[in-house]
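Asker: Counting from 116, one number per residue, gives the positions in the sequence shown under the numbering used here. Think of the CB as a built atom: it goes at the ideal place given N, C-alpha and C, for glycine as much as any other residue.
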Amino acid sequence: MLTRQELLQNPDLYRDKARGALIGLAIGDSFGDASRKPENQMAYGFTTDFNKGASWSTDDTEFAMLTAQILIESGGRPTSDCVVDAWLKHVATQDELKRGGASEFEASRNLRKGLRPPLSGRYNAYGHSDGAAMRISPVGVLCAGDVDRAIAMAEIDASISHDREGIWGAQSVAAAVAAAMARRGFTVTGSDANVYPPMSTFLEEEGITLFEGYKASNIPPDADVIVIGNAMSRGNEEVEAVLQRRLRYLSLPETMKEYFLRGKRNYVVTGTHGKTTTTSMLAWLMEDSGLNPSFMIGGIARNLGRGGRFTDSDFSVLEGDEYDTAFFDKRSKFLHYLPELVVINNIEFDHADIYNSLEEIKLSFRRLTQIIPRNGLALVNADDPNCLDVVKGAPCPVKTVGFSDSSNIRILDVETSTDGSHFTLEGTRYYVPMIGEFNIRNAAMAIAAAQFAGLNVKQLADSMSRFEGVARRQEVKGVVNGISVVDDFAHHPTAIKQAILGLRQRYPESRIWAIFEPRSNTTRRNIFQNELALSLATADFPVVAAVDHPDKVALEERLDLTKLSNDLSALGKDALIGGHAQEIVSAVCKKAQPGDVILVMSNGGFEGIHAKLLEALNA
C-alpha cells in the first residue's frame, strides 16, 4: 500500500485517485437515484447503463461540489465561517430549494433565521440523517492518508446542517476516503486490562485488534516490535513472555523516537505546570499558519479537536513529560524526543513516587538541555530560579521569557479582563482569551517557539486571539440557577492556587468553592501538607475529598486530613474535609448560592462529581 508521503510525491496518481473518487460519487448518485424509481425497477431491474434508466445526479453530488468549492476557496483550511458564507451565498438565498434533502432545507431556514453552527445543525429535525455523509467525500480526498484531519474537517462542514449521529456519519465517510487514498502500512494489535467504549470502538474501527486482559498468546508470533506501556511491570504475563521469547521491545517514547520523530523538527514543551496548555497553543499556532504539524498533547485542545495525530509535516509538537519511561528505562520520557527546541515552563518538586528530591528532577532537565543541538533553542522561564539554574552551562542557545527585567523576551504592558489578557511581546500586541499570569507566560512561550519556526507575528497574533483553550483547564461544565461548575486538572499546590486566582479574575464578584481530590502519587502523600493548606485557603470554601486509594501509601507518609483541616481553620476557613463525591455534592449544594463558582480539581474522574453537582443543583 502507498503511504501518504508516497502519494504526495506522485501528483498525477493523487489527481487520478481524487478524480476517481469524485466521479465515482456522481455515478453512484445517478444510478442510486434511478433505482429508487418504480418504473425503472420494473423496466430494467438493476440499472447498469446511463442510456437506460440512469438519472441526472441528485443534490448529493451538488452539495459535494459545494464542499469541494469551500475547500478550494479556503486553501484547504476551512472554518465554520467559510461554510456559513458559502451556504448563505449558494443555498440560503434560494426562495425554495429545488434540489436538496430535508436536512439541507432545515439548515437553510435556520441560517435565514440567524442561527449559526453548531446551533443550525443541533436545532434541525433532520440533523441525524445521512445528508452530511453524502457530501463529505471531497474532504477525504484532500486529507489523503490523514484520517485525524479528515475527521476534524468533516465536523466543521457537517455542523451547519447536522448534529451527533449526522456528524459522526460524515466523519466516518471522510475518514474512510482518507484511509483509502493512502495507508501507513502498520498492523497494530494491543492488550489492556479493561476494554470498553468509546476507545474500544474507535480502535476496532481503525482496524486494531484489542485483547482484554494480558495473556502471552495475545502476542503475534511474527511481531516486529512490542511496545510496552509505562504502567506495565515485571510479573505481567505478556511482559514475561516478551522477555522469555527474546522479542524486540521498546517503550512508547522509544517507539515515537524511532518511527515518528527521527528526522523531524521536534518542539518539546516541558515543565511542572502549563505543559498541556502551552503545547496546545503552539500546535494551534502552527496549524493555523498552515504547517499541519504532528502533535502529542496530554489533553484535548479545542481548536484541534484531539490530543494527537501524525502527519507528514516537518514539524512535531510534543508535551514532554518528566515522568519515567518504562519499568526498564527510568529516564524521563522527554529525553527520547530528539528536540530541536525545548520550552521549560517551570520546575517544582513533583512525582514523589519517582523522584526523591527537587535536585533529581532538575538533573533530568539538565540532561534534556544536553541533547538540544547548537542550531536549536531552549526557551526558559526567566522568573523561575530553578529553570535558570538548569540551563547554566547548557551547550545549546538559551533565551529567557518572562516578566523580569533580565528576560531576553520580556512580557510588557499587561492588561487583563474577565475574558482574557492583552500583552506586548517584542513590539507586537497580543490577546489571549485566557486569564491568569501563568497563561500569559504560556502564550508568550508558544509565540516565541512559533517565531523560531519562522512564523509571521501578525498571523500569530490573529491565531492566538482565537485559541479556545484545553478541555479540563478551567472548563465550565455547566451553569445551574446561577451557580457555575468548573473543571480543572490542577493537582499540585502551585497549580491549585493559580486555578483559584484565575477564577478570581474571571468571576471577581463570586464566592469560590474549591473542591480538591488528593489523587496523584504526590498529593496522596504529606509532602505538600503545609503548601496544600495555603493554596486552598485562597478559596472562600475549601473542600478536600478523602485520599484516593490510601492503602497504597504508608500511614506515616500519607496526607494528614485532620492536620489539613486544623491548618485551614487556623487560616480562617471552615473547610469540609474527607468526604467522597456524593457526600461532597450534598454538603456543597445545601450551601451554594446563585453567583457562586464551584471549582473541582482532580487529575482523575472523581466519581463523576461534575455531573452529580449539576444534577443536584438542578433538583
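1. Quick check on this structure: which residue in Ala259, Gln644, Ala269, Met249 has the alpha carbon closest to the alpha carbon of Pro233?
2. Roughly how many angstroms lie between the CA atoms of His537 and Ile555, to the nearest whole one?
3. Assign Ala222 to one of two classes, buried (16 or more other C-beta atoms within 10 Å of its C-beta) or exposed (fewer than that).
4. How far does the beta strand (DSSP E) with Arg544 in it reach, from first residue to last?
5. Am I right that Arg489 and Val505 are in contact with their C-beta atoms under 8 Å? What's the rounded C-beta distance?
6. Alpha carbon to alpha carbon, how far is Leu203 from Arg588? Give it in angstroms, no decimals.
7. Taking Leu230 as the reference, give the member of Met249, His277, Glu188 with the closest Cα.
8. Any heavy atom of the ligand FMN inside 7 Å of the beta-carbon of Tyr374?
9. Does the contact criterion of 3 or more C-beta pairs under 8 Å hold for the region 600–614 versus the region 440–455?
10. Count Cβ pairs between the region 650–664 and the region 682–699 that sit closer than 8 Å; are there 3 or more?
11. Just to confirm the assignment, what range does the beta strand (DSSP E) spanning His537 have?
12. Determine the burial state of Asn557: buried for a count of at least 16 other Cβ atoms within 10 Å of its Cβ, exposed for fewer.
13. How far does the beta strand (DSSP E) with Met347 in it reach, from first residue to last?
14. Taking 8 Å as the threshold (C-beta atoms), are Asp465 and Val637 in contact?
15. Using only alpha-carbon positions, find the residue among Ile282, Arg626, Ala248 that is nearest to Ser235.
16. Quick one: using the 10 Å Cβ neighbour count with 16 as the cut-off for buried, is Glu355 buried or exposed?
17. Using alpha carbons as the reference points, say which of Val357, Gly350, Leu140, Pro336 lies closest to Ser252.
18. On the three-state DSSP scale, how would you describe Arg298?
19. What runs of the beta strand (DSSP E), each 3 residues or longer, lie entirely inside the region 597–625?
20. Cutting at 7 Å between CB atoms, please list the residues of its own chain near Thr392, excluding the five before and the five after it.
21. Quick check for students: name the residue ranges of the alpha helix (DSSP H) that lie wholly in the region 169–229, counting only runs of 4 or more.
22. Here's a check: name, in chain order, each residue in its chain whose Cβ is nearer than 7 Å to the Cβ of Thr543, leaving out the five neighbours to either side.
23. Is the distance from the Cβ of Thr539 to the Cβ of Gln620 below 8 Å?
24. With a cut-off of 8 Å on the beta carbons, I'd call Val712 and Val595 a contact; round off their distance for me.
25. So what's Val595 in DSSP terms, helix, strand or just coil?
26. Secondary structure at Ile251, three-state DSSP: helix, strand or coil?
27. Counting only the same chain and skipping the five closest in sequence on each side, list residues whose C-beta sits under 6 Å from that of Ser580.
28. According to DSSP, simplified to helix, strand and coil, what is Asn733?
29. Can you tell me which of Leu527, Gly389, Leu453, Leu651 puts its alpha carbon nearest to the alpha carbon of Asn461?
30. Check for me: the alpha helix (DSSP H) holding Ile692 runs from which residue to which?
31. What is the DSSP secondary structure of Lys514, counted as helix, strand or coil?
32. Rounded to whole angstroms, what's the CA-CA distance from Ile598 to Phe425? Just pull it up for me.
33. Sort Gly413, Arg224, Gly216, Thr176 by Cα distance to Val199 and report the nearest one.
34. Which whole-angstrom value is the C-beta distance of Asn351 and Tyr374, which I expect to be below 8 Å?
35. For Thr364, which residues in the same chain have their Cβ closer than 6 Å to its Cβ, ignoring the five residues on either side in sequence?
36. Taking only runs of the alpha helix (DSSP H) that begin and end inside the region 558–591, which ones reach a length of at least 4 residues, in chain order?
Answerer: The structure says:
1. Here residue 233 refers to the residue found at position 118 when the sequence shown is read from its first residue. Ranking Ala259, Gln644, Ala269, Met249 by Cα distance to Pro233 puts Ala269 first.
2. The count along the sequence shown starts at 1 and reaches residue 537 at position 422. The count along the sequence shown starts at 1 and reaches residue 555 at position 440. Distance between the alpha carbons of His537 and Ile555 is about 8 Å.
3. For this step, residue 222 is matched to residue 107 along the sequence shown. By the neighbour-count rule (16 or more Cβ atoms within 10 Å), Ala222 is buried.
4. The sequence position of residue 544 within the sequence shown is 429, counting from 1. Counting along the chain, the beta strand (DSSP E) containing Arg544 begins and ends at 543–547.
5. Translated into positions along the sequence shown, residue 489 becomes position 374. Translated into positions along the sequence shown, residue 505 becomes position 390. At roughly 18 Å, the Cβ-Cβ gap does not stay under 8 Å, so Arg489 and Val505 are not in contact.
6. Taking the sequence shown and counting its residues from 1, the one referred to as residue 588 is at position 473. Taking the sequence shown and counting its residues from 1, the one referred to as residue 203 is at position 88. For Arg588 and Leu203, the distance between alpha carbons rounds to 35 Å.
7. Along the sequence shown, one-based indexing puts residue 230 at 115. It is His277 whose Cα lies nearest to the Cα of Leu230.
8. By its list of ligands, the structure shown contains no ligand whatsoever, and the ligand FMN lies outside what it can speak to.
9. no
10. yes
11. Numbered from 1 along the sequence shown, position 422 holds the residue referred to as residue 537. Per DSSP, His537 belongs to the beta strand (DSSP E) from 536–540.
12. The count along the sequence shown starts at 1 and reaches residue 557 at position 442. That one is buried.
13. As a working mapping, residue 347 is identified with position 232 in the sequence shown. No beta strand (DSSP E) contains Met347, which DSSP labels as neither H nor E.
14. The count along the sequence shown starts at 1 and reaches residue 637 at position 522. The count along the sequence shown starts at 1 and reaches residue 465 at position 350. Rather than Val, the amino acid found at residue 637 in this sequence is Thr. In this structure, Asp465 lies closer than 8 Å to Thr637 by Cβ.
15. What you label residue 235 is simply residue 120 of the sequence shown in a count that begins at 1. Per the Cα distances, Ile282.
16. Locating residue 355 in the sequence shown gives position 240, counting from the first residue. Label assigned to Glu355: exposed.
17. Locating residue 252 in the sequence shown gives position 137, counting from the first residue. Closest option to Ser252, Cα to Cα, is Leu140.
18. Mapped onto the sequence shown, residue 298 falls at position 183. Residue confidence is low: Arg298 scores 45 on pLDDT, short of 50, so the model does not pin down where it sits. Its coordinate-derived value is still stated next. Coil.
19. 598–603
20. Counting from one through the sequence shown, the residue named residue 392 turns up at place 277. Asn554, Asn557, Val585, Arg588.
21. 174–188, 195–205, 217–228
22. Taking the first residue of the sequence shown as position 1, residue 543 is located at position 428. Within the same chain, Thr543 has close Cβ partners Val572, Ala576.
23. In the sequence shown, the residue the question calls residue 539 occupies position 424. In the sequence shown, the residue the question calls residue 620 occupies position 505. It is not a contact, given that the beta carbons lie outside the stated cut-off.
24. Sequence index remark: in the sequence shown, residue 712 carries index 597 (1-based). Sequence index remark: in the sequence shown, residue 595 carries index 480 (1-based). About 12 Å; that fails the 8 Å criterion.
25. Along the sequence shown, one-based indexing puts residue 595 at 480. Reduced to three states, the DSSP call for Val595 is strand.
26. Numbered from 1 along the sequence shown, position 136 holds the residue referred to as residue 251. Ile251: coil per DSSP, three-state reduction.
27. To locate residue 580, count along the sequence shown from 1; it is residue 465. Same-chain partners within the cutoff: Tyr546.
28. Here the question's residue 733 lines up with position 618 in the sequence shown. Residue state, collapsed to three classes: helix.
29. Here residue 461 corresponds to residue number 346 of the sequence shown, with the count starting at 1. Comparing Cα-Cα distances from Asn461 to each of Leu527, Gly389, Leu453, Leu651, the minimum goes to Gly389.
30. The residue you call residue 692 lines up with position 577 of the sequence shown. No alpha helix (DSSP H) contains Ile692, which is instead part of the beta strand (DSSP E) from 691–694.
31. Translated into the one-based positions of the sequence shown, residue 514 becomes position 399. In the structure shown, Lys514 sits in a strand (DSSP, three-state: E or B).
32. Residue mapping note: residue 598 aligns to position 483 of the sequence shown, counting from 1. Residue mapping note: residue 425 aligns to position 310 of the sequence shown, counting from 1. Using only the alpha carbons, I get a separation of about 40 Å.
33. Translated into positions along the sequence shown, residue 199 becomes position 84. Among Gly413, Arg224, Gly216, Thr176, the Cα nearest to that of Val199 belongs to Arg224.
34. The count along the sequence shown starts at 1 and reaches residue 351 at position 236. The count along the sequence shown starts at 1 and reaches residue 374 at position 259. Not quite, the Cβ-Cβ distance comes to about 23 Å (not below 8 Å), so this is no contact.
35. Within the sequence shown, numbered from 1, the residue matching residue 364 stands at position 249. According to the sequence displayed, residue 364 carries Tyr and not Thr. Result list for Tyr364: Ile341, Ile343, Val357, in chain order.
36. 572–580
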